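Colleague: Quick one: structure below, then a few questions.
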Amino acid sequence: MTRAFPPVYSPVRGRALLRALLHTPHEGTRSDAAVTSACFPERRLLLTDSGTGALTLALRHTAASSTEPLVALPAYCCPDVAAAVIGAGGRIALYDTDPQSLSPDWESVQRCLAAGATHLVVIHLFGRIVDVDIARDLAHHFGVVLVEDAAQGAGGSRGGVPAGALADIAVLSFGRGKGFNAGGGGALSVSSAEWTARWGAAWHELPSRGRLATGASVLAAAAAECLSRPSLYAWPSKLPMLGLGQTVYVPPRPLHRAGAATRVLIDDALALGPVLLAERQKVEAWYYRELGRWPHRLVCEPATNECSGALRFPVRMPPQAAQPLHVYGVVRSYPRTLRDYPEVLPVLRNAGAALPGADELARTLHTLPTHRLLEERDRRTLVDALAVAFDAPQ
Numbered sequence: 015m016t017r018a019f020p021p022v023y024s025p026v027r028g029r030a031l032l033r034a035l036l037h038t039p040h041e042g043t044r045s046d047a048a049v050t051s052a053c054f055p056e057r058r059l060l061l062t063d064s065g066t067g068a069l070t071l072a073l074r075h076t077a078a079s080s081t082e083p084l085v086a087l088p089a090y091c092c093p094d095v096a097a098a099v100i101g102a103g104g105r106i107a108l109y110d111t112d113p114q115s116l117s118p119d120w121e122s123v124q125r126c127l128a129a130g131a132t133h134l135v136v137i138h139l140f141g142r143i144v145d146v147d148i149a150r151d152l153a154h155h156f157g158v159v160l161v162e163d164a165a166q167g168a169g170g171s172r173g174g175v176p177a178g179a180l181a182d183i184a185v186l187s188f189g190r191g192k193g194f195n196a197g198g199g200g201a202l203s204v205s206s207a208e209w210t211a212r213w214g215a216a217w218h219e220l221p222s223r224g225r226l227a228t229g230a231s232v233l234a235a236a237a238a239e240c241l242s243r244p245s246l247y248a249w250p251s252k253l254p255m256l257g258l259g260q261t262v263y264v265p266p267r268p269l270h271r272a273g274a275a276t277r278v279l280i281d282d283a284l285a286l287g288p289v290l291l292a293e294r295q296k297v298e299a300w301y302y303r304e305l306g307r308w309p310h311r312l313v314c315e316p317a318t319n320e321c322s323g324a325l326r327f328p329v330r331m332p333p334q335a336a337q338p339l340h341v342y343g344v345v346r347s348y349p350r351t352l353r354d355y356p357e358v359l360p361v362l363r364n365a366g367a368a369l370p371g372a373d374e375l376a377r378t379l380h381t382l383p384t385h386r387l388l389e390e391r392d393r394r395t396l397v398d399a400l401a402v403a404f405d406a407p408q
C-alpha cells in the first residue's frame with residue numbers, strides 16, 4: 015500500500031470535534047478573556063477566524079489615522095503575512111533573513127526602519143524563536159510598533175517566555191499547518207490594559223462567524239484529520255486542485271471573530287500543545303544527531319535560552335535532490351520571496367533591495383516533518399536518502 019506523509023501534523027481530538035459540533039451559538043459572543051491556558055498567562059487572547067485576520071486587526075489599530083502603515087516584513091515568509099498588510103491598507107518594506115539561523119538580518123531590519131517603516135513584524139519561522147529583545151530595542155529606537163507573529167511558534171519559548179507573549183502585541187494561528195491545530199482560527203495576544211482597551215473595542219465590532227460557517231470548519235477539520243493518515247494522505251496529495259504542500263497568495267478577506275465551535279477546538283489545541291511540543295523537540299534533536307556530519311546543510315541549533323517549537327526541521331538542498339523525498343513530507347515551503355508575488359509588488363516600497371539570504375532560502379530551504387506520524391523507522395529511511403542526496407555532487 016502506498017503511503018505518504020504530510021509536512022506538518024498536529025492532531026485534532028475526536029472528543030473536541032464532537033464538543034465543537036454540539037456547542038451552542040450564544041457562547042461564541044462572550045468575552046474571550048475566559049479562554050484559559052497555561053500557555054499564555056497574563057495575556058488577553060482575542061480570537062479571530064484566522065491568524066491573517068488577527069495580524070490585519072493588529073496593524074489597522076496601531077496605525078496613526080493620518081499615516082499609511084509601512085510594515086517591515088521578512089522577505090522569506092508566508093504570503094499570508096503580506097495579505098494581512100494589504101488588508102490593513104498598508105505598504106511593505108522587505109528585510110532579509112539570515113540563512114544560517116532563520117532570524118532577521120538585523121542590519122537589513124535597521125535599513126527598513128531608518129527608511130520610514132511604521133511597523134516591524136518578526137516571525138518565528140518553523141518554530142525557531144526570534145530574539146524579540148533585539149527587535150524591541152530597534153522598535154523603541156526608531157519609534158515603530160513591534161508585532162510578534164507567532165503563528166509558527168508552536169509552543170516554543172525564549173528565556174522561559176512563550177512565543178506569542180514575547181512582545182506587547184502578538185499574533186497566533188490555529189490552522190492545520192500549525193503547532194496548535196484547531197482546524198482554523200487565530201488570535202491577537204495582547205498584554206497591557208491600554209492595549210486591551212484598544213483591542214477589545216475593535217474586536218467587539220467584528221461580526222462573529224455564524225454557526226453554519228463554524229460547523230463547516232469543524233467538519234473540514236475532521237476530514238483533514240482523517241486524510242492526514244499516511245495510508246490515506248497519498249491520495250489527496252496527488253490532487254493538484256487541493257494544493258496540499260503548496261504556498262499560494264490568498265487575497266484579504268473580511269475580518270470576523272472566531273465562532274463558538276472554533277473556540278472549543280482552540281482550547282483543546284492549547285491543552286494538547288505541550289505533549290506535542292515535547293514529541294517534536296525529541297525528533298528535532300534526533301535529526302541534529304543523525305545529520306550532524308553535514309552542518310552546511312542545516313540551520314544552526316537553537317540558542318541555549320531558546321526552546322524551539324520544532325514545527326519543522328529545516329535543511330538546505332537543491333529542489334531536484336528533494337523531489338523523490340516528497341512522499342516523506344519533505345517540502346520547499348516558500349519557493350518564492352514576497353517580492354516574487356505579483357500581488358505584493360504594487361505595495362512594495364523597496365523592490366530593488368538586496369536580499370541574498372531570502373533568495374538563498376527560497377532556492378534551497380526544505381523542511382523535514384517532526385510530527386508523530388513519521389515514526390523512527392520512517393525517519394531512518396528518510397535520513398538514509400538524505401545522506402545520498404547530501405553526498406552527491408552538486
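Numbering (the numbering used here), first residue to last: 15 to 408.
Cβ atoms here follow ideal geometry from the backbone N, Cα and C, with glycine treated the same way.
If you're wondering where the values come from, they're calculated on a predicted model, not measured in any experiment.
#1: From which residue to which residue does the alpha helix (DSSP H) around Ala-201 run?
#2: Tell me whether Ala-299 is buried or exposed, calling it buried when 16 or more other Cβ atoms sit within 10 Å of its Cβ.
#3: In terms of residue numbering, what span does the alpha helix (DSSP H) encompassing His-155 cover?
#4: Thr-62 lies in the beta strand (DSSP E); which residues open and close that run?
#5: Near His-340, which residues of its chain fall below 7 Å by C-beta distance, leaving aside the five closest residues on each side in sequence?
#6: Of the residues Val-204, Ala-201, Arg-150, Tyr-342, which one's Cα is nearest the Cα of Arg-391?
#7: From Thr-70 to Val-95, what distance separates their C-alpha atoms?
#8: How many Å lie between Gly-141 and Thr-381 at the Cα?
#9: For Ser-245, does the three-state DSSP call read helix, strand or coil?
#10: Quick check: the Cα distance between Leu-325 and Asn-319, rounded to an integer number of angstroms?
#11: Would you check if the segment 202–221 and the segment 178–188 touch, i.e. whether three or more CB-CB distances between them fall below 8 Å?
#12: Under the assumption that Arg-150 contacts Leu-160 (Cβ atoms under 8 Å), give the Cβ distance between them as a whole number of angstroms.
#13: Could you give the residue range of the beta strand (DSSP E) that holds Tyr-302?
#14: Would you check if the distance between the CB atom of Leu-61 and the CB atom of Gly-198 is smaller than 8 Å?
#15: Closer than 8 Å is the cut-off here; do at least three beta carbon pairs connect the segment 97–114 with the segment 122–133?
#16: Among the residues of its own chain, which have a CB less than 6 Å from the CB of Gly-42, if the five just before and after it don't count?
#17: Would you decide whether Arg-29 is buried or exposed? Buried here means 16 or more other CB atoms lie within 10 Å of its CB.
#18: Just curious, the alpha helix (DSSP H) that Ala-68 is in, first and last residue?
Modeller: Working from what's here:
#1: Ala-201 -> not in any alpha helix (DSSP H); beta strand (DSSP E) instead, spanning 200–204.
#2: Ala-299 should be labelled exposed.
#3: Taken as a continuous stretch (DSSP letters only), the alpha helix (DSSP H) holding His-155 covers 146–156.
#4: Element bounds for Thr-62: 58–62.
#5: None.
#6: Arg-391 has its Cα closest to that of Tyr-342, out of Val-204, Ala-201, Arg-150, Tyr-342.
#7: Approximately 9 Å between the Cα atoms of the pair.
#8: Looking at the two C-alpha atoms, the distance is approximately 12 Å.
#9: Reduced to three states, the DSSP call for Ser-245 is helix.
#10: So the alpha carbons of these two residues sit roughly 18 Å apart.
#11: In this structure the segment 178–188 lies against the segment 202–221, because at least three pairs of beta carbons, one per stretch, are closer than 8 Å.
#12: With a Cβ gap of about 6 Å, Arg-150 and Leu-160 count as contacting.
#13: Taken as a continuous stretch (DSSP letters only), Tyr-302 belongs to no beta strand (DSSP E), being part of the alpha helix (DSSP H) at 274–304.
#14: Their beta carbons are not under 8 Å apart, which means Leu-61 does not touch Gly-198 by this criterion.
#15: Contact between the segment 97–114 and the segment 122–133 is present: three or more C-beta pairs spanning the two stretches fall below 8 Å.
#16: Confidence at Gly-42 is low in this model, with a pLDDT of 42, below 50, so its placement is unreliable and no value can be given for it.
#17: The residue in question, Arg-29, is exposed, as its Cβ has fewer than 16 Cβ neighbours within 10 Å.
#18: It spans 65–74 - the alpha helix (DSSP H) in which Ala-68 sits, taken as one unbroken run.
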